[in-house]
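Below is one structure; the comments refer to it alone.
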Amino acid sequence: MGIVETGRVTAQRRVGPQMWQMRLALPRIAAAIRPGQFIHLRRDGAHEPLLRRPFSPSRVDAATGTVELIYRVVGRGTAAMTQWADGTAVDVLGALGTTFTLGGRLLMVGGGVGIAPLMYAAQECAPETVTALIGGRNRDEVFWAELFPPTVTDIRIATDDGSIGHHGYVPELVPALLESGAYTRVLTCGPAVMMRAVAAMAEAAGVPCEVSLERRMGCGTGGCLACVCDRRAGGHAKVCLDGPVFDSREVRL
Ligand SMILES: Cc1cc2nc3c(=O)[nH]c(=O)nc-3n(C[C@H](O)[C@H](O)[C@H](O)COP(=O)(O)OP(=O)(O)OC[C@H]3O[C@@H](n4cnc5c(N)ncnc54)[C@H](O)[C@@H]3O)c2cc1C
Ligand code: FES
Numbered sequence: 160m161g162i163v164e165t166g167r168v169t170a171q172r173r174v175g176p177q178m179w180q181m182r183l184a185l186p187r188i189a190a191a192i193r194p195g196q197f198i199h200l201r202r203d204g205a206h207e208p209l210l211r212r213p214f215s216p217s218r219v220d221a222a223t224g225t226v227e228l229i230y231r232v233v234g235r236g237t238a239a240m241t242q243w244a245d246g247t248a249v250d251v252l253g254a255l256g257t258t259f260t261l262g263g264r265l266l267m268v269g270g271g272v273g274i275a276p277l278m279y280a281a282q283e284c285a286p287e288t289v290t291a292l293i294g295g296r297n298r299d300e301v302f303w304a305e306l307f308p309p310t311v312t313d314i315r316i317a318t319d320d321g322s323i324g325h326h327g328y329v330p331e332l333v334p335a336l337l338e339s340g341a342y343t344r345v346l347t348c349g350p351a352v353m354m355r356a357v358a359a360m361a362e363a364a365g366v367p368c369e370v371s372l373e374r375r376m377g378c379g380t381g382g383c384l385a386c387v388c389d390r391r392a393g394g395h396a397k398v399c400l401d402g403p404v405f406d407s408r409e410v411r412l
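So for the sequence shown, our numbering puts the first residue at 160; every next one is plus one.
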């Protein structure tokens with residue numbers, strides 16, 4: 160069920176269009192969380208919005224008790240977060256959900272804020288075992304390469320307008336890499352259309368693929384059914400409890 164911890168904002172800055180990076184002092188959760196898992200966050204004592212919001216950390220430092228998020232402003236909860244000054248008390252539930260499988264040679268494919276949990280996964284891997292593919296609409300959206308753990312050097316970029324890197328969608332970079340036979344697993348997080356394409360390519364190549372799903376969440380702990388997704392075999396899964404990380408063959412994207 161996770162830990163409930165009261166923490167504090169220690170730093171916050173704008174990193175891109177509508178994109179913010181926030182550091183939180185959460186020593187107990189920092190010691191417990193693993194890549195792919197998420198925290199459920201709200202301002203301590205806040206009534207508006209009342210419900211916590213889910214975020215997958217982009218970096219965790221257990222030694223200093225720091226959890227870092229990168230978030231996009233999409234509505235009232237994330238807009239309010241941009242106003243949280245250093246020292247703001249936060250009420251956090253974590254670490255929640257399932258983890259990415261690390262080890263072997265990993266191909267990470269991220270789009271938009273879906274790149275954040277892949278950064279944390281990369282942080283926990285030997286750098287030479289990771290190839291990261293990141294996609295965005297244009298040059299302004301791929302500031303992510305600079306935020307990646309500096310040890311990861313094999314980062315390839317695709318932009319819709321060709322202003323930097325490959326001109327096209329990020330899944331277009333996947334087939335040639337999978338054909339090399341070098342990768343033991345694909346990890347992907349981002350827009351559903353991107354993950355659907357990446358998962359189909361990995362499945363066709365016989366390479367296991369893990370997808371991280373986003374859903375609106377209420378409780379974050381399996382009680383409210385706000386977050387269900389469809390299983391390929393029929394029936395439903397709770398993204399907060401059975402996910403957010405699933406084997407791609409398990410769920411409909
Ligand atoms: C496991 C998990 C990890 C996440 N990690 C990150 C992260 O690292 N960085 C980040 O920026 N965001 C992340 N999100 C998404 C983030 O939780 C939502 O953007 C946030 O809750 C929106 O809150 P809000 O009050 O600003 O928006 P609201 O006012 O609640 O909603 C604004 C709009 O966004 C839509 N929306 C809200 N939440 C979601 C959602 N979860 N999925 C799809 N649409 C949604 C609403 O339907 C509405 O159209 C994650 C979500 C999940 C489930
Ligand atoms: S968010 Fe309540 S069951 Fe998943």
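Here a beta-carbon is modelled for each residue, glycine too, at the ideal position from N, C-alpha and C.
Query, Result
"Between Leu384 and ligand 4, is the CB less than 6 Å from at least one heavy atom?", "Looking at this structure, you won't find ligand 4 anywhere; what it does contain is ligand 1 and ligand 2."
"Just to confirm the assignment: which complete alpha helix (DSSP H) runs, minimum length 4, are found wholly within the segment 174-231?", "186-191"
"Specify, as a first and last residue, the run of the beta strand (DSSP E) that Ala248 falls within.", "Ala248 to Leu255"
"Which residues neighbour ligand 1 when neighbourhood means a C-beta less than 5 Å away from any of its non-hydrogen atoms? List them by chain order.", "Phe197, Arg212, Pro213, Phe214, Ser215, Tyr230, Arg231, Val233, Gly234, Arg235, Gly236, Thr237, Val272, Ala275, Glu373, Arg375 and Pro403"
"By how many angstroms is the C-alpha of Met240 removed from the C-alpha of Ala170?", "12 Å"
"Is Gly161 near ligand 2 - that is, is its Cβ less than 6 Å away from at least one heavy atom of it?", "no"
"Which first and last residues belong to the alpha helix (DSSP H) in which Glu362 is found?", "Ala351 to Ala364"
"Out of Thr165, Glu283 and Glu300, which one is the CA nearest neighbour of Gly324?", "Glu300"
"Taking C-alpha atoms, which residue in Asp319, Thr290, Leu228 and Gly394 lies nearest to Thr312?", "Thr290"
"Anyone know if the C-beta pair for Phe197 and Val404 falls short of 7 Å?", "no"
"Quick one, which of Asp220, Arg193 and Pro367 has its alpha-carbon nearest Leu185's?", "Asp220"
"Just how far apart, CA to CA, sit Trp303 and Val333?", "19 Å"
"DSSP on Ile274, reduced to helix/strand/coil?", "helix"
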